[in-house]
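Following numbering that gives the first Met the number 0, the numbering of the sequence shown begins with 0 at its first residue and continues without gaps. Accompanying notes for the structure given below.
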Amino acid sequence: MLLRHLSLFLTTLLLAAQAHALTPDEVKGMAIGETEARVEALAKAAAKADEKTAAFIQALSDDAVKTKGDKVFVVKDDKAFDPITGAEVPLPADAEDVINPNLMRSELDNALAALKLFSKDEKQRRDAIKTLGGDNDEARLPLIEKAYAAETVPELKNQLELMRAAILLGSTDKAKRLEAAAQLAGSKNPNTKTVLIERLGTETDADVKVALQAALSKVDASLEWGNKLGAIFSGISLGSILLLVALGLAITYGLMGVINMAHGELMMIGAYATYVVQGLFQKYFPGAFDWYLLAAVPVAFMASALMGAALERSVIRFLYGRPLETLLATWGISLMLQQLVRSIFGAQNVGVENPVWMSGGVQVLGNLSLPYNRLVIIVFAVAVLLGVAWLISKTRLGLFVRGVTQNRPIASCMGVNTARVDTYAFALGSGIAGLAGCALSQVGNVGPDLGQGYIVDSFMVVVLGGVGQLAGTVYAALGLGILNKFLEGWTGAVLAKIAVLVFIIIFIQKRPQGIFAMKGRSAEA
């Protein structure tokens, strides 16, 4: 009885292997005949996804197949092999190369990509799905369904599900199109919306159109929360960048009263310092390149802080209490710094690479991905904010800065070296601008005009938050960032900027002291 069951089991395995093995007819169909017939034979053979079929398709793609009459040979290293058995066979002297026209070559590439859907390498499977993304050939449906059943990565499984539904939507069978519409209705993939809209434009059957429209409405509803959360995250991300830029300005302008139009260029210096550190690590420490950013942070701070200290001691110290002259002088300094950078690094933008640990992102929802570089910048902005708040409120330097800001003559009478405090405070604000430049280098290119895009926004943040108020700076930066991103979704980027500016003008008219007023005898409640 045991031998009988064993014999039956082996027979079943043998029949299953034969059912999926490469056959002579399939070999001849793919290699001999008209292009259309070869393409059809290729599609049928590729749907089986066995090793010999994949090897023969690869040989066809590599132009390593020859024919003689109805005989087909795979040529490798000047030797001929039978494509079915793999045994070496003699190659006739007059065997002819198999010619693959463009259509056949394109189908071969797609077939190889389809066979890679079963690769153990996730990257190969991902590349295969990307290659097959626009191929809605119904003949590939069994292969895609088989790959869908075997796939374990949720993201890739969703993409395969979308591919299957897109193929069914193009089917001539109305029932299959209705099935695909019902399946896509529950999808949370943003690409589903594109597929449904494209099919709605070509669909002629009224029932299928109704089903597609209902599916599109459900997909829109499921993606709505992702869009809202995405706008909030984008707003927080923009707000964190504005916060980093405005923190330094909150010290130089908010606490010291200096209208520093070169603040953006101090930020630019921090970005270029990061670029220089990146170059040094690439040249001298390539094995530790992924950690160059940790070294770039203090370098960017010191480069901008030293430049700020030099500016304060050489120019700005003579202009305290003269805001118009300070504005004009720092504007001229900003132009000089831009030209200095152009002379050293060139006028073109330079690229700063993200470390590996800042590449990629977290997929929260189908249409919501949180990039690692943005998340790191948000955490970095919070850390810098806490550091500045601690420095201003808890340290001796912070006490001196607050004392000089509130009453310079009394602070001087108490033995405080006000000139030195001014230099330290200005250097601190400049160094924070350098940190902002270091962060900005991770989300865009670095160029001589980098600071010009943020100087106006940073002044608006400081004025809106309340001059000299760190808490107001935080609220204003995050509020403007989120407001700007929500308005962009409705009006576009340009009108959103205009709307935000109008809002700030109206707000300042009603509350000139900003969100948080400076406390003191002269402050108006």
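Each residue gets a CB set at the ideal place from its N, CA and C atoms; glycine is no exception. These numbers were taken from a predicted model, which means no experiment stands behind them.
Leaving aside the five residues that flank Phe379 on each side, the residues in its chain whose CB is nearer than 7 Å to its CB run, in chain order, Ala438. Counting every other CB atom within 10 Å of its CB across the protein chains shown gives Asp421 a total of 16 or more, marking it as buried. In terms of Cβ geometry, Gln441 and Asn353 form a close pair [threshold 8 Å]. In the DSSP assignment, Val88 is bridged to Ala79.
Check the Cα spacing between Gln338 and each of Asn101, Pro447, Ile431, Leu41: the tightest is with Pro447. The beta carbon of Ile231 sits closer than 7 Å to the beta carbons of Ile481 from its chain, once the five residues preceding and following it are set aside; these are given in chain order. For Gln337, the uninterrupted alpha helix (DSSP H) segment begins and ends at 322–344.
According to the DSSP secondary-structure assignment, Glu160 is paired through a beta bridge with no residue. Residues of the same chain with a CB within less than 8 Å of the CB of Pro89, apart from the 5 flanking positions on each side, are Ala79 in chain order. For Gln347, the secondary structure class from DSSP, reduced to helix, strand or coil, is coil. Partner residues in the beta bridge of Leu369, as assigned by DSSP, are Val361. For Val460 and Val314, the gap between their C-alpha atoms comes out near 26 Å. For Thr52, the uninterrupted alpha helix (DSSP H) segment begins and ends at 50–60.
Bounds of any beta strand (DSSP E) do not take in Thr22, whose DSSP letter is neither H nor E.
Within the same chain, Cβ atoms closer than 6 Å to the Cβ of Val74 are found at Ala63, Lys65, the five residues on either side in sequence being excluded. Taken in chain order, the unbroken stretches of alpha helix (DSSP H) that lie wholly in the segment 158–245 and span 4 residues or more are 173–183, 189–201. When secondary structure is reduced to three states using DSSP, Lys27 falls in the helix class.
Residue environment analysis places Asn406 among the exposed positions, since fewer than 16 neighbouring C-beta atoms fall within 10 angstroms of its C-beta. Under a 10 Å Cβ-count criterion, Asp456 is classified as buried, with 16 or more other Cβ atoms of the shown protein chains found around its own Cβ. Within the model, the alpha-carbon separation for Val403 versus Val473 is close to 23 Å. Under DSSP, Phe72 takes part in a beta bridge, and its partners are Lys65.
Glu352 carries a coil assignment under DSSP once its states are collapsed to helix, strand and coil. Ranking Glu223, Lys156, Ala184, Ala426 by CA distance to the CA of Leu168 puts Ala184 first. The three-state reading of DSSP puts Glu95 in strand, counting E and B together. Ala299 and Ala382 have their C-alpha atoms some 16 Å from each other. Shown here, Val445 sits in a strand according to DSSP, grouped into three states.
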